[in-house]
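Data first, discussion second: the structure below is written as structure tokens.
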Ligand SMILES: Nc1ncnc2c1ncn2[C@@H]1O[C@H](COP(=O)(O)OP(=O)(O)OP(=O)(O)O)[C@@H](O)[C@H]1O
Ligand SMILES: [Mg+2]
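Protein chains in written order, with our numbering: chain A, 4 to 252; chain B, 26 to 440.
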């Protein structure tokens, strides 16, 4: 599904990713952990096509496509979804209109018919309900005045509606209360299947209790320094990064 | 004074001398205006009120009189489902108009009335007073809700440069209500130099929404004088899309307590367009409010100007004044000039003003695109979001829809 090869990227002359390689087969969920500033969000942005990051080396294939050659919207249309660590506020943009515009843009790119307002609202309300989100979050401006946890839930709502093939969840669990954590994990689990993969960036074992990963990778200074099964996350929770990162250095 | 401005002014004065005997109405009023115009001439950028807007292009164009007859039936274009009054080349066309019940319409040519508010110190208004030939005078009797009226100004010919100076009046008696939706369109080079006087008596509500979609070679100068009595409301919105050079100047005066003035507007400019919104809100009575939210979306080499003055007289205690001018620069060559002025002589008032200049937010744009929204559509969404604050108070659904469609078209066909 996703194959990252020796990826290097920088922002404003600062090297952040330095030869990162990662294979995420279809149907799997991988977790990415690592100290603050190690480059986890950068990986998410580079995969999604943020123009602020300059790719200086390596390659990324998504399905059969050269991901790095695509515009951000084309990546989304191809099935990539990034849940932002810090979702943006869009004053003056209605959340339901935003979601419908996004969904219809993706449907258009696939040659599918667009959903009208009524059809869309039916879908959006059903998904919002499953995520235990109040209806009025659809009526409000995108993320404006949302609490930290509500913003994260809104990301998951977008994911549920856009139904990506590959979701990159950047600390979507941070700021969520215990119930919301479970709901979000259930939301991802509901998408799980042979056609869906996820890259789950997290600092906490707790999410991984609900969302059991196939593999866990540790990112340090822009590289994967260790990979293992779900037990690696528990080991990190118990011992911290010191041992792992030092081993790699 | 600049020579081309002087020559331009002299040409208008010569035209006045030629027409003087045939122009309708009180010659003394016109002569006084001509004297003032002769002294000041066409405004120059050395005049404090015209610091950012040059009328040289206007002065250098040899505008002719409009032909007296309309040659072909003009295309009225899109409008909303409401009674309408149509002017072609500044002349009222009864045959194309469907005056509404509840509004008495008097053509200026039949009963020339210059109003009582216009200030001879505005040179373009003086030019209008000197040369006005037609226009419409609207009157709504006390307590009547006259609904919505479309005032359509067309300059459909486009073959020779013409100048017209329509003179309008809107008079709402106590408790009356009216929405005027003014649309200006045209082709070719022309000067549309209108003056409107609005008198809002106590408790009356005048909603005045304007879509300025003149042709790209046009000059559009529009001066409005509004007077609002006790508990009256003058609620204005102007959308500037067209013209090579446009100046919308609004003087609003609150003369009775608890009156309200809204002057919102948006200018969406491209190419080398120049758009100027100038407002003067005079609080002459206590407990009144005024709110102004102006948004500028500037692409290419366009230039936006906002000058806003709030004057609070000593008696105008408890005034609540607000003014905000924001610009979104879509190109590194676009430019905004902003001149807020507060003149406050009362001590118990709340008055604030602000200005911001920015570009489209790259992070917001990326967020939208990462959701699959194509770049152009994402930009359009953010521009609309930027305008929302100024547009949202427009409660009239037909007018709101018309303006939104005009904005959408502008966005799709912008240079
Ligand atoms: N715009 C920027 N300019 C300069 N440095 C940046 C910029 N954006 C990110 N960085 C730096 O890049 C490094 C990696 O940042 P990144 O956000 O990818 O870390 P992270 O692993 O997601 O951290 P966290 O766990 O705190 O979210 C950090 O040192 C950060 O300061
Ligand atoms: Mg991060």
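Built from N, CA and C at the ideal position, the CB exists for glycine as well. From a predicted model like this one, the values you see are computed outputs, not experimental measurements.
Is residue 44 of chain A helix, strand or coil when you go by DSSP?
helix
Where the stretch 301 to 316 of chain B meets chain A: residues whose CB sits under 9 angstroms from a CB there:
none
Does the distance from the CB of residue 273 of chain B to the CB of residue 286 of chain B come in under 8 angstroms?
no
Going by DSSP, what residue range makes up the beta strand (DSSP E) through residue 360 of chain B?
360 to 369
With a cut-off of 8 angstroms, does the C-beta of residue 147 of chain A fall near any C-beta of chain B?
no
Less than 7 angstroms between the CB of residue 174 of chain A and some heavy atom of ligand 2, yes or no?
yes
Residue interval of the alpha helix (DSSP H) (run including residue 130 of chain A)
120 to 133
Here's a check: name, in chain order, each residue in its chain whose Cβ is nearer than 6 angstroms to the Cβ of residue 224 of chain B, leaving out the five neighbours to either side.
196 and 252
Please look up how many angstroms separate the CB atoms of residue 29 of chain B and residue 85 of chain B, rounded, as I've assumed it's under 8 angstroms.
5 angstroms
Would residue 181 of chain B and residue 212 of chain B qualify as a contact pair, given that the criterion is a beta-carbon distance under 8 angstroms?
yes
Among B/305, B/271, B/270 and B/301, nearest to residue 279 of chain B - alpha-carbon criterion:
B/305
Express the C-alpha separation of residue 187 of chain A and residue 386 of chain B in angstroms, rounding to a whole number.
29 angstroms
Got a sec? Which residues, its chain only, sit under 7 angstroms from residue 160 of chain A by beta carbon, not counting five neighbours each side?
130, 131, 134 and 136
Can you tell me the Cα-Cα spacing of residue 26 of chain A and residue 323 of chain B, whole angstroms?
46 angstroms
Let me confirm a value: residue 89 of chain B is counted as buried when at least 16 other C-beta atoms fall within 10 Å, else exposed. Which label applies?
exposed
At a threshold of 7 angstroms, does residue 45 of chain A count as lining ligand 1 (C-beta to nearest heavy atom)?
yes
Chain-ordered chain B contacts of residue 19 of chain A [CB-CB under 8 angstroms]
Those within 8 angstroms of residue 19 of chain A in chain B number zero; the least Cβ separation is about 17 angstroms.
Any idea if residue 154 of chain A is buried or exposed, counting beta-carbon neighbours within 10 angstroms, 16 or more meaning buried?
buried
Taking 8 angstroms as the CB-CB limit, is residue 53 of chain A close to chain B?
yes
Using a C-beta to C-beta distance shorter than 7 angstroms, which residues of chain B count as neighbours of residue 94 of chain A?
410
Whole angstroms is fine: what's the gap from residue 141 of chain A's alpha carbon to residue 61 of chain B's?
59 angstroms
Strictly under 8 angstroms for the Cβ-Cβ distance: is residue 252 of chain A near chain B by that measure?
Its pLDDT being 46, under 50, residue 252 of chain A is placed unreliably by the model, and the measurement read from it follows with that caveat. Not an interface residue.
Could you name the residues of the same chain whose beta carbon sits closer than 6 angstroms to that of residue 37 of chain A, not counting the 5 residues immediately before and after it, in chain order?
43, 221, 222 and 223
Please confirm whether any heavy atom of ligand 1 lies closer than 7 angstroms to the CB of residue 224 of chain A.
no
Backbone secondary structure at residue 332 of chain B - three-state DSSP:
strand
Chain A beta carbons: is any one of them nearer than 8 angstroms to that of residue 399 of chain B?
yes
Between residue 79 of chain A and chain B, is any beta-carbon pair separated by less than 8 angstroms?
yes
Assuming residue 84 of chain A and residue 162 of chain A form a contact by the criterion Cβ under 8 angstroms, report the distance between their Cβ atoms to the nearest whole angstrom.
5 angstroms
How is residue 144 of chain B classed by DSSP in three states: helix, strand or coil?
coil
Segment limits, alpha helix (DSSP H) that includes residue 233 of chain A:
233 to 242
The alpha helix (DSSP H) enclosing residue 438 of chain B, as first and last residue numbers:
422 to 438
Hey, out of B/421, B/407 and B/420, whose CA is closest to residue 433 of chain B's CA?
B/407
Between the stretch 217 to 232 of chain B and the stretch 136 to 148 of chain B, do three or more beta carbon pairs fall short of 8 angstroms?
yes
Cβ-based burial, residue 252 of chain A [other Cβ within 10 Å; buried from 16]:
Below a pLDDT of 50, predicted positions are generally treated as unreliable, and residue 252 of chain A, at 46, falls in that range; the measurement from the model is reported next regardless. Exposed is the call here.
What are the start and end residues of each continuous beta strand (DSSP E) run of 3 or more residues lying completely inside the stretch 228 to 264 of chain B, in chain order?
230 to 238 and 244 to 253
Do residue 189 of chain B and residue 161 of chain B have their C-beta atoms closer together than 8 angstroms?
no
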